[in-house]
Amino acid sequence: MATAVFSAAQPTPSQGAWRRFCRHRLALAGALVIMVLVLGAAFGPYLLPFDDTYIDILKRFAPPLSGAHILGTDELGRDVLARLMMGARVSLSIGFVAMVIATVVGIVVGAFAGFYGGVVGAVLMRLVDAVLCFPTIFLLLALAALTEPGFVTTTVLIAATAWMWVARVVEAQVRSLREREFAVAALAFGSSNLRIMFRELVPNAIAPIVVAATLNVAKAILLESYLSYLGYGVQPPAASLGNMLNNAQIYLTSAPWLAIAPGIVITLAVTSFNFLGDGLRDALDPRMNIP
Amino acid sequence: MADDTGKFGVGAGHLGIPNRRQFFQLGAGAAAGWTLSGNAFAQTERPTNPPDKPRGQVIAALSQEPTVFHPLMPGIEVDQGIWWQVFSPLWFIEPDGKFVPDLAREVPTIENGGLSADGLTWKIKLRSDVKWHDGTPFTAEDVKFSIELINNPDFRARSRVGHSLVKDIKIVAPDEIHWRMEAPYSPYMSILASLTFIVPKHILEKVSDPNSSPFHNAPVGTGPFSWGERVPGDHIQLNAYAGYHGKGPYLERVVFKYIPSLTVLYTQFRTGQVDYTGLQGILPNFVQEAKTLKGRKIFVSSTSSVEHIAPNLEFGPFADRAVREALYLGINKQAIIDALNYGLPTQTESFVPQQAWSFQQGLPQHKYDPAKANALLDAAGWVRGSGGVREKGGVKLEFTNSTTSGNAVREQTQQLLIQDWRAIGASMRVNNMPAAVIWGDFWQQSKFNSVIVGVNFMLGSDPDVTPRFGSGATPAKGGRGYNTYQYQSAEADRLLSEGAKQFDLAQRKVTYGELQKLIRNDLAILPLFQGFIAEGIKEGLQGFRPNINMSINSWNMREWYWA
Amino acid sequence: MARYVVNRLAQAIMLLVIVSAIGFALLHLAPGGPLSQFAASGQMTQEDLDRVTRQLGLDRPLPVQYLDWFGRMLKGDWGKSYRDGEAVLSVISSHLGATLELMATATITAVLLGCWIGILGALRRYSLFDSLATVGAMIALSIPTFWFGLVTIYVFSVKLGWLPAGNRHTIGDGSFLDLLHHLIAPAMVLALVETAMWGRFMRSSMLEVINQDYIRTARAKGMPEWRILTVHALRNALLPMITVAGLQFPTLLGGALVTETVFTWPGMGRLFLDSIGYRDYPVVMGILMFSAIMVLIGSLIADMLYAVVDPRIRVG
């Protein structure tokens, strides 16, 4: 089997990753939306005259566009837009940080397991299997019950339930690649194991890693909402997209905007991350970058 | 196990030797003291007559799944909803507070000779026309067996309070049973009435494990409905029992449908898939809309629980009464009642439900007055520090508040409190937990700062709150009650022991009135409002009668029928 | 091969021991307990609570409880539910049917639809269909399941009145049509995410394969396109999907859990959530072990199949 494999669709190896990425319009759109969301979450709250936790009980359930509140007010008369931006700030942070932790842990575990195989591989992959045996919700519930809910614990908990996929993907890729000629060749050239693992083998797995990582961002933001749904996660009065959605549930018929707004932002954020990942995948297809 | 009740603090040891006649006035009087709240039931249309023979079915939705069908084992309210249909007690309590005989021919009193003057000998005459669902006649043996089972050390009985005092059970005739009480214990009348269902000896004496047998999942009782089928996680079907000894049943079938989400439960009620929304009823935010639904009727009735903020009185700032008063003054109660609860509950100052005979009128009324609260804290030496949070002697006016997570209204209340209390320099943080966590050691062992909770303080229908406010009833200090507030007051203890020894209703009313004033003044709890439940039924379904004396309003489904 | 299977089985059993120990410890160390629910109502005194705790054997040291539970489990006694006193296995089996019905419907729909979309998308990369499918899949993966379920109920049950708002069947009506009617909405909600995942994986996998040089070689040799696709591309593209299938069970169970909650579907997910809520230790452990065994069987079969079809993987 040859070491370098070429894409049939984009056969010009000289094109840079950046240009290929730019061709992916959905990825660009995704990146743009993420940028807008990030900027909105970071600076938006300072532009609004309302505080996200200020309760005005007399003005509860004001519909969108009916007055000073662009997206209306919630069940306690708080400005929905302000809460949405603060919530997005919290949820995006959780999603991103959890994804990074999960990916790093997953790559390291997967690479070691795939490269060394044998006892090390078996032990590591059995650990992965063991954790995968727990339904995610069970892990979250059990772990969450042991800790105090909050931003940091929520992030770590979500990461703890998401790294195994990356590990599986990386392990499978590394295991099958290390037998191939270029790894053998690299070994023959006297490269160190670590170097081979992380410079030669793991980059070959970048496409599935990116796919898994993008799914993990989606998963992390969604898990945050499930955690809120189950009563853990970010505690009120602080907003997160998950707890906003959760609180809005019972008002779905009477004040649908409360559920629609965070639902759309979650969907938008996660979709954008997925498109971004897709674009990166095409752009970074590692087999095109092997010199 | 004889010391069950003694240690608990409401039993014989505590009551002392009561005196005879009054004791039994208490028995009847305590229950009779409940009066009906105005809005409790109001069947507007004139009921038609029930059908001659069982007809139709009712689908009752519950937001928790009934799983415990042995009525003497630990169960929650929804389980009790099933027990009421399948089993019968010796007597039960009507909405107006009267004891009404069920399996017994009459409610024992001194007048009818059912009780000895010293309150120690009970003679119960039983109906002789009652048959178990399998056709076996019901006899005094079953009553004896039931009480002995409760005291069986291998059996996971729900509670032995009262039962452990019963000695020397004698079966005089198949329809008459006598026993002796080790010590007089008046609430036993109420305990027998509210949740002591009689179980069949002929079935249960044969089982090897009293905690698990076929009976546990296909119970046989003497109630108006017999066991049909159970689809775990989905529903339970009960069928009319033709041989029922009482009034009814008029329905051919009742189906208890488990719908875990209150939103979905209401949706299904709205779309007509559900005839009756049982526990936990209709969420307050849907009530307004529900009242406009065609072909549905909504009942809002009081329950005997009191929604309050429970402070841990041993926790730093809360030990200071001035702080508790300032916090109380700082609560915008009206907003909590009118906005968050849609004006459905009534505000209260007492731990006693307003429908009870022992309720004390004219307690000081709460006022929302942040200015006064601030002045009070200033005067007490709590000065504003960094971030506007007050402190005194190094103790910051900072605390957490917890409640069952997922309870939307309580979570909203918390957020309102954060804002209200920030204005008076108190900083509150939310720390909510699921039910299985919060009501464990966290609550029992007083590990909380403050909690929002609804509690039924009454013992049956008796206002003896020794287990709630007695200084010896704090589990964290080795006590046996549920004084998790860690409230300690020599005066309260004195009133409690006095009240428990009194048997004259008027005297008791005074004593417990004093106690209510004391608790209100000490602010051992910060009362918000009296509990309520909004239930919906389909129009045409007759016989629904909310009963504040029962833990579930579907207690009398035997009397329900379709017009 | 036989040695490989024996080896994997031994590993699987070790794994079960680890899973059970971790699960048992997590569950019992978590605050709260099966009696907490009774503590709030005030119908049981502290003394009653202590007595029942003793009767349930929950006052014993954790390792003792674990060994006791484990010993019984080896003998086939998975314990009894604290809630209804039924044997754990019968509790599980009474909820399993509903979940399998939901999962099977959703999975079959998802696999067929997902693979079809994925393959077509890969073959017609960047076509309108591919773009729509990609966008659709992304959105499907991004919608919180419980939210989507609620919106589905709101639209199809409340507003349009086409579908029931939940439940598995109308009480008193056991017909197949009635079951189907109730199955549509929850299966659709559960299948949405599954379809998107299968579609995405299938598309990636197919793209990998059709860009491989042996396909190019085959093309260069002038082999007919359909032959290339069926003989070479599809066969190789489906390989990684075996792993996906093997790993899908816990994800599916998680999805089912949420879907069942929203649609009040009386299945395992609902049971699991309730049992966790009530701290019904024997049932929670039972479900955990049951799903662990399912997952292990799934991954074992997947690995074996993978080894059979991909000669590059050396077995042993």
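Chains as they are written, first to last, in the numbering used here: chain A, 366 to 656; chain B, 8 to 570; chain C, 965 to 1280.
Backbone N, C-alpha and C define an ideal beta-carbon position, used for all residues, glycine too.
Predicted, not measured: the structure shown is a model, and the values here were computed from it.
Close Cβ partners of residue i (< 7 Å) along its chain, the five nearest in sequence each way excluded
| i | result |
| --- | --- |
| residue 173 of chain B | 154, 186 and 188 |
| residue 269 of chain B | 70, 287 and 290 |
| residue 333 of chain B | 380, 383, 384 and 431 |
| residue 427 of chain B | 337, 338 and 339 |
Span separating the alpha-carbon of residue i from that of residue j
| i | j | result |
| --- | --- | --- |
| residue 569 of chain B | residue 545 of chain B | 9 Å |
| residue 1026 of chain C | residue 309 of chain B | 44 Å |
| residue 383 of chain B | residue 530 of chain B | 15 Å |
| residue 1059 of chain C | residue 1066 of chain C | 11 Å |
| residue 1156 of chain C | residue 247 of chain B | 43 Å |
| residue 495 of chain A | residue 646 of chain A | 29 Å |
| residue 1186 of chain C | residue 1199 of chain C | 19 Å |
| residue 464 of chain B | residue 115 of chain B | 26 Å |
| residue 180 of chain B | residue 147 of chain B | 7 Å |
| residue 231 of chain B | residue 249 of chain B | 8 Å |
| residue 1232 of chain C | residue 1218 of chain C | 10 Å |
| residue 534 of chain B | residue 314 of chain B | 6 Å |
| residue 368 of chain B | residue 198 of chain B | 27 Å |
| residue 489 of chain A | residue 1105 of chain C | 29 Å |
| residue 283 of chain B | residue 303 of chain B | 9 Å |
| residue 235 of chain B | residue 65 of chain B | 14 Å |
| residue 370 of chain B | residue 330 of chain B | 20 Å |
| residue 169 of chain B | residue 344 of chain B | 38 Å |
Residue environment, residue i, which counts as buried when at least 16 other CB atoms sit within 10 Å
| i | result |
| --- | --- |
| residue 184 of chain B | buried |
| residue 1335 of chain C | Any property of residue 1335 of chain C remains undetermined from this structure, which presents chain C solely from 965 to 1280. |
| residue 418 of chain A | buried |
| residue 368 of chain A | With a pLDDT of 34 at residue 368 of chain A, under the threshold of 50, the modelled position of this residue cannot be trusted, and the question is left open. |
| residue 254 of chain B | exposed |
| residue 1190 of chain C | exposed |
| residue 1024 of chain C | exposed |
| residue 557 of chain A | exposed |
| residue 560 of chain A | exposed |
| residue 45 of chain B | Residue placement at residue 45 of chain B cannot be trusted, given a pLDDT of 38 that sits under 50; the coordinates are not used to answer. |
| residue 657 of chain A | No answer is possible for residue 657 of chain A: the residues shown for chain A start at 366 and end at 656. |
| residue 1072 of chain C | exposed |
| residue 616 of chain A | buried |
| residue 356 of chain B | buried |
Contacts around residue i, its chain only, beta-carbon distance under 6 Å, and the 5 residues preceding and following it disregarded
| i | result |
| --- | --- |
| residue 72 of chain B | 265 |
| residue 75 of chain B | 82 and 86 |
| residue 620 of chain A | 426 |
| residue 486 of chain A | 478 |
| residue 434 of chain A | 427 and 444 |
| residue 1030 of chain C | 988 |
| residue 84 of chain B | 286, 558 and 559 |
Residues near residue i in its chain [Cβ-Cβ closer than 8 Å; skip 5 each side]
| i | result |
| --- | --- |
| residue 137 of chain B | 95, 110, 144, 145, 229 and 252 |
| residue 438 of chain A | 421, 424, 425, 426, 427, 444 and 445 |
| residue 57 of chain B | 255, 257, 549, 550, 566 and 568 |
| residue 121 of chain B | 113, 114, 115, 129, 130, 131 and 132 |
Expected contact under 8 Å - CB spacing of residue i and residue j to nearest Å
| i | j | result |
| --- | --- | --- |
| residue 542 of chain B | residue 306 of chain B | 5 Å |
| residue 575 of chain A | residue 472 of chain A | Going by Cβ atoms, the distance from residue 575 of chain A to residue 472 of chain A rounds to 11 Å, so no, they are not a contact pair. |
| residue 612 of chain A | residue 415 of chain B | 7 Å |
| How do the stretch 317-324 of chain B and the stretch 397-409 of chain B stand: do at least 3 beta-carbon pairs fall below 8 Å, yes or no? | yes
| request: Taking only beta carbons into account, state which residues of the stretch 289-307 of chain B come closer than 7 Å to chain D, listed in chain order. | output: No chain D is part of this structure, whose protein chains are labelled A, B and C.
| task | Examine the Cβ distances between the stretch 1033-1047 of chain C and the stretch 1237-1250 of chain C and report whether three or more of them are shorter than 8 Å. | result | The answer is yes - the stretch 1237-1250 of chain C touches the stretch 1033-1047 of chain C, with three or more Cβ pairs under 8 Å.
| request: Would you check if there are 3 or more beta carbon pairs closer than 8 Å linking the stretch 1160-1178 of chain C to the stretch 1120-1135 of chain C? | output: no
| said: Below 8 Å, how does it come out for the stretch 418-426 of chain B and the stretch 359-373 of chain B: are there three or more Cβ pairs, yes or no? | reply: no
| request: Would you check if there are 3 or more beta carbon pairs closer than 8 Å linking the stretch 495-504 of chain B to the stretch 344-354 of chain B? | output: no
| said: Would you call the stretch 465-476 of chain B in contact with the stretch 501-515 of chain B, where contact means no fewer than 3 C-beta pairs closer than 8 Å? | reply: yes
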